[in-house]
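Going from the sequence shown to our numbering is simple: count from 1 and add 277.
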Amino acid sequence: MIRLTRLNRVPLVLNCDLIEHIEVTPDTVITLTTGQILRVRESADQVIDRIVDFRRRIFGPGTPQVGHEQEQAQEPWLASSSVQEEAGSAG
278 MIRLTRLNRV PLVLNCDLIE HIEVTPDTVI TLTTGQILRV RESADQVIDR IVDFRRRIFG
338 PGTPQVGHEQ EQAQEPWLAS SSVQEEAGSA G
């Protein structure tokens, strides 16, 4: 959960897992997965920083993030076999 401020200066606490995307118009517009739209005083960068800080508090700074790079590191044969297949089909 992150603390933000609506345009009318009313504070709110937002479940950042529900954020679908953030738009930067003159205002910061947050669209949630529920379809709800929030306009907040904080910039998009401030919202992102608060999300990162929240996730670090929850998961810890040393927790690896699951992503494409980690998948390749855990299963190196995936990266090497795809490179070999591409090389074999090219020549």
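Glycine is no exception: its CB is placed at the ideal position from the N, C-alpha and C atoms.
Owing to the predicted nature of the structure, the values given are computational and were not obtained by experimental measurement.
Count the other CB atoms, across all protein chains shown, that sit within 10 Å of the CB of residue i; report buried if there are 16 or more and exposed otherwise.
i	result
His345	Low confidence applies to His345: its pLDDT is 49, below 50, so where it sits in the model is not reliable, and the reading given next is rough at best. Its Cβ having fewer than 16 others within 10 Å, His345 is exposed.
Ile335	exposed
If you draw a straight line from the C-alpha of residue i to the C-alpha of residue j, how long is it?
i	j	result
Pro338	Asp326	14 Å
Leu309	Gln323	17 Å
Thr282	Arg332	20 Å
Asp369	Val301	Since the displayed the chain opens at 278 and closes at 368, residue 369 lies outside it and no answer follows.
Thr311	Ile299	14 Å
Ala321	Ile328	11 Å
Going by DSSP, what residues sit across from residue i in a beta bridge?
i	result
Val290	Arg280
Arg316	Val306
Ile299	Ile307
From the options, pick the residue whose C-alpha is nearest to that of residue i; which is it?
i	options	result
Arg318	Arg280, Ile279 and Leu284	Leu284
Gln313	Asn292, Ala321 and Ser320	Asn292
What does a CB cutoff of less than 8 Å around residue i pick up in its chain, not counting 5 residues either side in sequence?
i	result
Val287	none
Met278	Val290, Leu291, Asn292, Cys293 and Phe331
Excluding the 5 residues preceding and the 5 following residue i in the sequence, name in chain order all residues of the same chain whose CB lies nearer than 7 Å to its CB.
i	result
Ile296	Ile307 and Leu309
Going by beta carbon distance, what residues of the same chain come within less than 6 Å of residue i, once the five residues before and after it are set aside?
i	result
Arg316	Leu284, Asp304 and Val306
Arg280	Val290
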